[in-house]
Amino acid sequence: MDLEVNIERECNGFLLQVSFRASHKTLGILGPSGSGKSMTLRCIAGLEAPARGSIVLNGRPLFDSSRGISVPSRKRRVGFLMQDYALFPHMTVAHNIAFGLRKLPRTRVREIVNGQLERFQLQGLEARYPRQLSGGQQQRAAMARAMAIEPEILMLDEPLSALDVHLRSQMETLLVEALSAYRGVSLYVTHNLEEAYRISEEIVVLSQGREVAFGPKDEIFRHSPTFTVARVTGCKNFSRARVSAPGFVEALDWGCRVRVCPPIPEELEFIGVRAHHLTFTAGPGAENAFPCELVRSVEGPFRMTLFLRLIAPNAPAGHHHLQAEITRENWAALQDHPLPWLVCLPPERIMLLRKETDLQRPDALP
Amino acid sequence: MPSNTDPILISLETSATATLIIFFLGLAAAYWRVRSGTAASRLMDALFVMPLVLPPTVVGYLLLLLLGRGGPAGRALEALGLNVLFTWPSTVIAATVVAFPLMYLSCRGALQQTPSGFAQAARTLGAGEWTVFWKITLPLAWPGILAGTVLAFARALGEFGATLMLAGNIPGRTQTLPIAIFFAAEAGEMRQALAWVLVTVGISAVAIGLLNAWGRVGAAGTVLSRRG
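Going down the list, the sequences are from chains A and B. Per the working numbering, the very first residue in the first sequence carries number 1; after that it's consecutive. Per the working numbering, the very first residue in the second sequence carries number 1001; after that it's consecutive.
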């Protein structure tokens, strides 16, 4: 089971260039809106044609510009769950599910439809029309329809974005179950970092049509290779950096010297640290602990976001240097700390971001 | 009841035949226009709408040029031993040409407004273009297609200028209701004219009623789902 994609296409005024390989593990495609995620899926589904490149699914070329191959959509056997589900409004749930099975004998169709109804908890809804269904039911019906044709690849385009928050986790569980039972290649497009992390095992990160990273999710999130990848995966704190001594870098935008964990990449450009990795310490002597003052705090339901300015003689002026995220419990405890507070940048949490090359190749990951 | 029922039958036959032709031609033309974005299709778009903008007498005159003895189509027909001018088929031709743009425009609008996501989803589910058209595009655009059909029928029934120029006023052969009414009124036979007027109003009302009922059946999904 594998899919190899290597395509180029004009999209939203920039050049979409992606190249990745997916196997039976779910591959997440992560990127902000308008970064070319949906276009990538549409190219694989055959709804748009790439300008150049190739798409090979299980050894079968679906598209190859050099050989003039472009298999029509209907022969690609792709299960495509669109963002708005695209359930046919003039057909019942059962007819929607049966739509892709028109060539099979009637009894077989009934069997498959019943199986899908049961599998996606749609029993009793088979005679309803899509607009008589709730958002979650519509999505389950769309999944049932896409999977009824036993596709060789399953592509989900932001499947949870149209749902209410309380439905989302419920649907996510169902999707994870369906995906783990599914034997083909599956692609999961989202702009939500946590969703991408929970659902997929490998991740492609897109930014403005450019593929900035591709690799196992832990690599991407824990050791983001470049500034763009770190930012797309939600990192909030960055500073330009310069190596000052073995194991130490000068954080130019924070005005301090921090210890980092080697290896330090050649062409180090930035260091970054995620907001929830910052901690506070009461006593001095801790590693990478710097005095700071609170500029502003934003209260969330469970967590606090703190905007901090470092107090250092050579800290550049500016509104704030660091953004920290702590639980409300820790926030309560922090109030008792003597001023100035000491913010810690744990060395093992500091990401060393190298200068970006024009094209990030999968093998360029650390 | 009018003593002479010939114009009623002729008008019904002419409008029905023209509407049948227009239904397929208009739908096909609109589908082609929506699917293809070529310069040729844009040019044809202007041509398809032209009969709606031009006065019917101008359309009639142009058709006379085309189908007459000197015209390109006329010569071809003559070679086959056919002459359509001032015969019943020419009433159908005039009605078809004049009413065509209404069907074309309605269908074009309806097809353009059908979200393309449904057809694309159908393609990924293995449907060929023929299946996509009949099972997805057509049912979704149905209300607009139906409206176009009703409008085209009404326009065909009321066609006067082009028909008169192309088919003349031959009682029992090319004399449709609007033409019969005009000549009856001209000749001062006001009772005869009134009878035909009432019949015309009746036919229009029945046609619209029938097609509306048909529309409800066609869009059964809509009706059913409102109940649930």
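All residues carry an ideal CB built from backbone N, CA and C; glycine is no exception.
Under 7 Å from the C-beta of residue 71 of chain A: neighbouring residues of chain B: Ordered by position in chain B, no residue passes the 7 Å Cβ test against residue 71 of chain A, which lies about 12 Å from the chain.
For a quick check, are the C-beta atoms of residue 273 of chain A and residue 328 of chain A less than 7 Å apart? no
What number of angstroms, rounded off, separates the C-alpha of residue 315 of chain A from the C-alpha of residue 256 of chain A? If you take the alpha carbons of residue 315 of chain A and residue 256 of chain A, they lie about 7 Å apart.
Would you list the residues sitting across from residue 264 of chain A in a DSSP beta bridge? In the DSSP output, where bridge partners are listed per residue, residue 264 of chain A has none listed.
Would you kindly check if the distance between the Cβ of residue 1124 of chain B and the Cβ of residue 1140 of chain B is under 7 Å? no
Classification of residue 187 of chain A by the beta-carbon crowding that lies within 10 angstroms, buried from 16 upward: buried
By the DSSP assignment, the beta strand (DSSP E) with residue 188 of chain A in it spans what residues? 185–190
Enumerate in chain order the residues of its own chain whose CB-to-CB distance from residue 1101 of chain B is below 7 Å, with the five nearest sequence positions on each side excluded. Counting only Cβ-Cβ distances below 7 Å, and skipping sequence neighbours, we find 1048, 1049, 1051 and 1052.
Inter-stretch contact (C-beta, 8 Å, three-pair minimum) for the stretch 1057–1065 of chain B and the stretch 1101–1110 of chain B: no
Cβ neighbours of residue 89 of chain A in the same chain (closer than 8 Å, five flanking residues each side left out): 129, 130 and 131
With a 10 Å radius around its C-beta and 16 neighbouring C-beta atoms as the bar for buried, classify residue 1164 of chain B as buried or exposed. buried
According to DSSP, is residue 71 of chain A part of a helix, a strand, or is it coil? coil
Name the DSSP beta bridge partners of residue 237 of chain A, please? According to DSSP, which records beta bridges pairwise, residue 237 of chain A is partnered with A:273.
Short Cβ contact (7 Å threshold) for residue 1150 of chain B with residue 1082 of chain B: no
Please name the residues in the stretch 174–192 of chain A whose beta-carbon is closer than 8 Å to at least one beta-carbon of chain B, in chain order. none
In this structure, does DSSP put residue 1023 of chain B in helix, strand or coil? helix
Give a yes or no on whether 7 Å exceeds the smallest Cβ distance from residue 1143 of chain B to chain A. no
Using only CA atoms, which one of B:1118, B:1030 and B:1044 lies nearest to residue 86 of chain A? B:1118
Beta strand (DSSP E) segment containing residue 341 of chain A, residue limits: 341–344
For residue 1015 of chain B, which residues of its own chain have a beta-carbon under 7 Å away from its beta-carbon, when the five flanking residues on both sides are left out? In its chain, beyond the 5 residues on either side, 1095, 1153, 1156 and 1157 have a beta carbon closer than 7 Å to the beta carbon of residue 1015 of chain B.
Can you name the start and end residues of the beta strand (DSSP E) that residue 22 of chain A belongs to? According to the DSSP assignment, residue 22 of chain A belongs to the beta strand (DSSP E) that extends over 14–22.
Residue 214 of chain A: buried (16+ other C-beta within 10 angstroms of its C-beta) or exposed? buried
Can you name the start and end residues of the beta strand (DSSP E) that residue 279 of chain A belongs to? For residue 279 of chain A, the enclosing beta strand (DSSP E) has its first and last residue at 279–281.
If the cut is a Cβ gap below 8 Å, which residues of chain A does residue 1122 of chain B touch? 88 and 99
Once DSSP output is grouped into helix, strand and coil, what is the label at residue 290 of chain A? strand
Residue 117 of chain A versus residue 26 of chain A: straight-line alpha-carbon distance, rounded: About 24 Å.
Relative to the C-alpha of residue 1122 of chain B, which residue among A:173, A:97, A:209 and A:34 is closest? A:97
Any contact of the stretch 53–66 of chain A with the stretch 1083–1090 of chain B, i.e. 3+ C-beta pairs under 8 Å? no
By how many angstroms is the C-alpha of residue 1035 of chain B removed from the C-alpha of residue 1162 of chain B? 32 Å
Reducing DSSP to helix, strand and coil, say where residue 1014 of chain B ends up. Looking at residue 1014 of chain B - three-state DSSP - the assignment turns out to be helix.
Pairs of beta-carbons, one from the stretch 104–124 of chain A and one from the stretch 41–61 of chain A, closer than 8 Å: are there three or more? no
Output yes or no for whether 7 Å exceeds the beta carbon distance between residue 1026 of chain B and residue 1103 of chain B. yes
Given this structure, state the Cα-to-Cα distance separating residue 1112 of chain B from residue 1038 of chain B, to the nearest angstrom. 16 Å
Residue 211 of chain A: which of A:269, A:275, A:35 and A:277 sits nearest, CA to CA? Per the Cα distances, A:35.
Span of the alpha helix (DSSP H) holding residue 96 of chain A? For residue 96 of chain A, the enclosing alpha helix (DSSP H) stretches over residues 93–98.
Quick one: complete beta strand (DSSP E) runs, 3+ long, within the stretch 187–219 of chain A? 202–207 and 210–216
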